[in-house]
Structures are given as structure tokens and as C-alpha cells.
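Participant:
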Amino acid sequence: MKKKLALVLALLCLAAALTGCGGKKDLEPQSFAEELLAGAKFTDSLNRLDDAVVPLLYGVDPADYSDAVVYCGTAATAEEIAVFTAVDDAAAQRLLSAAQTRVSKQLESYRTYGPQAAMTLENSVVARTGNYVVVVVCSDSDGAKKICGKYI
Amino acid sequence: MIETGSMKRAAAVFLAALSLCGCTNRAQRAEMPPSPTPAVTTTPVPTATPTAAPTPAPPVTPEPVELPEGPAEETPEPTETPEPTPEPSPTPAGPKARRSGKLVVPADWGPVIPERRKAADDSFFNTSLMIGNSLAQGFQLWSGLHNIDSINEVGASVYSATKEMDLRRLYNSRAGRYTDIYLVFGLNEVGMDTESFVENYKDIIDFSRKFQPQANIIIVSVTPVTQWVDRYTHYSMESVNSFNEGLKELCLQKNCWFLDICSILKDADGFLSEEYAYHGDGKHLEANGYELWADYMRTHYVNDSLIAE
């Protein structure tokens, strides 16, 4: 009886440890984007981009993702949020590469707009977690990274 | 009381669980890539062409007016009848378009594309290309006319367009690909010399014609700025209006058309309407401004039928 009790206690500890593992929240693209919009201080007016424009902007193949949540500004700034749900591992890698290319190109373009724009891009988040590829360009880079850190 | 042996087994299981925890999810996560480091490219500073000096025109100081001396005798001067204030120009008369080779070009009516009787379907713009600055980028993002090809770069100007923009989509395009090429420049040049701006605009017109000689070249007017920007920065409506008048003249010289979106974006006082302005800088547009621009294009377009209208 005591042995059984000890074993049950040990199994409970194991289960608790595994579920609390890493402390990261599950990423849901739309909710994540909304949390960023509400929690980080964006200076531009960001609106959700039409799905048809996303491949034009990022140079990606729509077959590589099942969902893309992209928010862009007025072009006055480079602020942006993008979350792609890749269809598989290889697609996620291609999307990540495309995201990095986009941010690099934006950095070259926005240098003419002054140091703030360049700094915003240099402090951007371009990351992958599982099959999600995330891009966050925000002048409040600390605020954005704090939110991203809960998921990535 | 729990036996020592059982305690040891429980502790061992617990420690095993902790060590597993460190491995499981990290296997799912790639390392956060470092912030992208851009390739270091040396962007050549646009050199002034011999005919162009992109420097703002010096402010004009009005010369003091010398008042005429009064007559010795008090003979009243004949009062001059003031010239009547000219009435606003009515809609220009005359044919709107004519044929010049294979092109449909402005006729007596002038270069401003008139309102058409019938709105174009969005598919009309399948063979259109837009080249320009951040406003062209905003148009691509928010106008709803996603089928228009776009070459745009933030900060692009008529001084840099043919030297620094990636125009491969244009010069790699097959012959006859485009029926209309819209040019969107001026926002980054406002405050500079009008003559220099207009002169340098010819470069991108000629470049476009070189690769797509059959296309209508449509110069999109320089867009207005808000009253706040006009008052406190060098981006003045005086400069915007001067640019646009210069561009209309250029259109007549170069057989181009003029899309007057400036007129629809202005408020009653002649500044960029607060309804469409991005308030962060008073120069760029909110999404609804681009939608308005697209709606205007649907009713102001060029085709052969314009010759008969």
C-alpha cells in the first residue's frame, strides 16, 4: 500500500513536470497578433492584410502555408506582424528564409527614413517555433519581445 | 510512514522527469535566429546630373515696392478699374484624346484623365504596372487592386529611380506586357526645385517607354500634405501644387497622362484631408486613402474609346 502510494506520487510529479515543461504558451496566430497589437506600442496604423497580397509581399508560395496572419502599416513605417502556419518542416524553413530576406530588404529601404526606422528593423523578431514562422517589427521592440518570449 | 526504499524509487522517478523536461520542447524549437544582418551594400548617393541640382529653391524675398510720389497738385489720379477675378476654368472643351502612332495621347482637353462614362472592371488593370515610392507600396498593400504589378521602394525619387530601383520586372517584361504604366514620385522630393524635379522625371518616363513603348504612361499627381505639415515643415502645398503644374506641362511635352488624385484627397482648405491622412506624419495615407485612389482609377482610365468621347 505504501509502495503504491509512493509510486502514484512519483507519477503525479512526472505528469506535472512534463505539462509545465519550458513554460511556453501555445501559439495561436490571430490571438498572438492581437496580443501584440494591444500590448506593444506600435506607432503606425496596422491593419490585417488581404490574403492575396501576402505572397506578393513576402515572395512566398501559398502552398507552403495553411494560414497567414499579416498586419502591415501605412508604409510610413516598417512596423509589421506576420505569423505563418507552415504545412511542414521544409515549408517552415522556406518561410523563415523569406521572412529574413524581407526584413533585410526593408532595412535597406528604410535607412533613408532615418535612424529610428533602421533601429526598429534591426531589433525585429524573425523566428520559428515548430511550424510557425513569426515576424514582428515594432518600434517598441522591448514590449514586442516580451510578448514574443511567452510563445517562442 | 513511507519506507525508505519506496522513497528512493519515487525520488529517482522525479529526478528522471526533471531531466526529460529539459529535452522535450527544446527539440521542437529552433534557436531564435539572430536579428537579420543586412548585407552591407554601398548605396551610391545619387549624383546630381549636369542639368539637375536637387537642392531646395532658396526662399524668394519679395522686393520692396516703391510707392509713386504724389502729384504737386491735388489732381485725383484716375482710379484703375480692378481686373475682374477670373472665373474658375470650366471643364476644358475639345477632344480629350488623339492617336499618336499606336498610343492614345492627350488632345485639346489637356493631360488630366477625365471621368469616364463607365467604370472599369478590376480586370482592366491586369496589364498595368505601378512604379514608385512608399505611396506605391501603400497602394499595393491597401488599394484592393492586387492585380496591378508593382515596383516600389520606400524613399524612391526621380533622382534614384533609374539608378537604384530594382526595375527588373520592367526590363525583363515581354514586349507588350503592359498597357498602362503608372508613375508615383514626388513625395520625397517636395521642397526641392520644381524645374529640376520635372527634368529628372523624364528619366523614368523614357526608361519605361524604352521597354514598353506601347504603354500609356500615366503620371500620378503628387499627393497633398496636411495643414500641420505645410505650416511646420518644408513639405509645403505650394511646392506640391508647383510640382503638379510642372508635371501637367511635362505630360503635354511627353505625351503622357495625368491622374489627378491630389484633387480628391484634399479638404476644403486645400490640404490633405484628415480623413485620409496617416496622422503619424501627415504625408502618407491610411488604408481608406488608397481605396479612394483605386476607386478614382476605376473611373479615370485611358483606352481607345477615349478618342471618341
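Protein chains in written order, with the working numbering: chain F, 2 to 153; chain S, -11 to 297.
The C-beta atom is built at its ideal place from N, Cα and C for all residues, glycine as well.
All values derive from a computational prediction rather than experimental measurement.
#1: Pick out whichever of Asp218(S), Leu253(S), Phe199(S) and Phe185(S) has its Cα sitting closest to the Cα of Glu236(S).
#2: Residues in its own chain within less than 7 Å of Ala93(F) by CB, not counting five upstream and five downstream?
#3: Report the CB separation of Val217(S) from Lys151(S) in whole angstroms; it is logged as a contact under 8 Å.
#4: Does Val55(F) come out as helix, strand or coil in the three-state DSSP assignment?
#5: Would you call the segment 56 to 67 of chain F and the segment 108 to 116 of chain F in contact, with 3 or more CB pairs under 8 Å?
#6: In this structure, does DSSP put Pro32(S) in helix, strand or coil?
#7: Rounded to a whole number of angstroms, what is the C-alpha to C-alpha distance between Leu97(F) and Glu123(F)?
#8: Determine the DSSP secondary structure at Leu260(S), reduced to helix, strand or coil.
#9: Can you pull the chain F neighbours of Leu273(S), defined as C-beta to C-beta under 8 Å?
#10: Which residues in chain F sit within 9 Å of Tyr166(S), going by Cβ to Cβ distance?
#11: Taking 9 Å as the CB-CB limit, is Leu123(S) close to chain F?
#12: Looking at chain F, is there any beta carbon in it that lies within less than 9 Å of the beta carbon of Asp110(S)?
#13: Are there three or more Cβ pairs, one per stretch, closer than 8 Å when the segment 223 to 242 of chain S is compared with the segment 137 to 152 of chain S?
#14: So what does Ile252(S) bridge to, in DSSP terms?
#15: Decide if Asp181(S) is buried, meaning its Cβ has at least 16 other Cβ atoms within 10 Å, or exposed.
#16: Measuring straight from C-alpha to C-alpha, what distance separates Gln241(S) and Leu37(F)?
#17: Closest to Ala79(F) by C-alpha separation, out of Asp90(F), Ser125(F) and Val61(F), would be which residue?
#18: What is the rounded straight-line gap between the Cα of Leu294(S) and the Cα of Lys84(S)?
#19: Work out the CA separation of Arg87(S) and Val93(S) for me, nearest whole Å.
#20: In chain order, what residues of the same chain lie with their CB nearer than 8 Å to the CB of Tyr264(S), ignoring the 5 residues before and after it?
#21: Between the Cα of Ile1(F) and those of Tyr111(F), Asp89(F) and Val84(F), spot the shortest distance and give me the residue it belongs to.
#22: So, is the C-beta of Leu260(S) closer than 9 Å to a C-beta in chain F?
#23: Spell out the partners DSSP gives Arg112(F) in its beta bridges.
#24: Under the rule that 16 or more other beta-carbon atoms within 10 Å means buried, what is Leu6(F), buried or exposed?
#25: Between Ala40(S) and chain F, is the shortest Cβ-Cβ distance under 9 Å, so that the two count as touching?
#26: Would Asn135(S) and Ser111(S) qualify as a contact pair, given that the criterion is a beta-carbon distance under 9 Å?
#27: Taking DSSP as the reference, what is the three-state secondary structure of Ile193(S)?
#28: Please identify the residue among Ala99(F), Lys3(F), Met2(F) and Cys139(F) whose C-alpha is closest to the C-alpha of Ile82(F).
#29: Can you check whether the CB of Val290(S) is closer than 9 Å to the CB of Tyr223(S)?
#30: Is Asp209(S) buried or exposed, if buried means 16 or more other CB atoms sit within 10 Å of its CB?
#31: Give the interface partners of Ala87(F) over in chain S, defined as CB-CB distance under 9 Å, in chain order.
#32: According to DSSP, Asp269(S) sits in a beta bridge with which residue or residues?
#33: What residue does the alpha helix (DSSP H) around Thr150(S) start on, and which one ends it?
#34: Assuming the contact rule is C-beta atoms closer than 8 Å, Leu129(S) and Leu50(F) should be a hit. Round their C-beta distance to whole Å, please.
#35: Give me the chain F residues within the contact set of Gln200(S), using Cβ-Cβ distance strictly less than 9 Å, ordered along the chain.
#36: Which whole-angstrom value is the C-beta distance of Phe259(S) and Val213(S), which I expect to be below 8 Å?
Facilitator: Straight from the coordinates:
#1: Sequence check: residue 236(S) is Lys here, not Glu. Looking at the Cα atoms, Phe185(S) is the closest of the given residues.
#2: Ala87, Arg129, Asn132 and Val134
#3: About 28 Å; that fails the 8 Å criterion.
#4: helix
#5: no
#6: Its pLDDT being 34, under 50, Pro32(S) is placed unreliably by the model, and the measurement read from it follows with that caveat. Residue state, collapsed to three classes: coil.
#7: 16 Å
#8: strand
#9: Thr75
#10: Near Tyr166(S) there are no residues of chain F at all, since even the closest Cβ is about 17 Å away, more than 9 Å.
#11: yes
#12: no
#13: no
#14: Paired residue(s): none; Ile252(S) is not in a bridge.
#15: buried
#16: 51 Å
#17: Ser125(F)
#18: 7 Å
#19: 6 Å
#20: Leu253, Leu273, Glu274, Asn276, Gly277 and Leu280
#21: Residue 1(F) is absent from the structure shown; chain F starts at 2 and stops at 153.
#22: no
#23: Answer is none; Arg112(F) lacks a bridge partner.
#24: exposed
#25: Legend: pLDDT at Ala40(S) = 37, less than 50; position of this residue unreliable, no value from coordinates given.
#26: yes
#27: helix
#28: Cys139(F)
#29: no
#30: One point to set straight first is that residue 209(S) is Ser, not Asp, in the sequence displayed. So Ser209(S) ends up on the buried side.
#31: Result: empty, since nearest Cβ-Cβ is about 12 Å, beyond 9 Å.
#32: In DSSP, Asp269(S) forms no bridge with anything.
#33: Ala149 to Glu152
#34: 6 Å
#35: Those within 9 Å of Gln200(S) in chain F number zero; the least Cβ separation is about 20 Å.
#36: 7 Å
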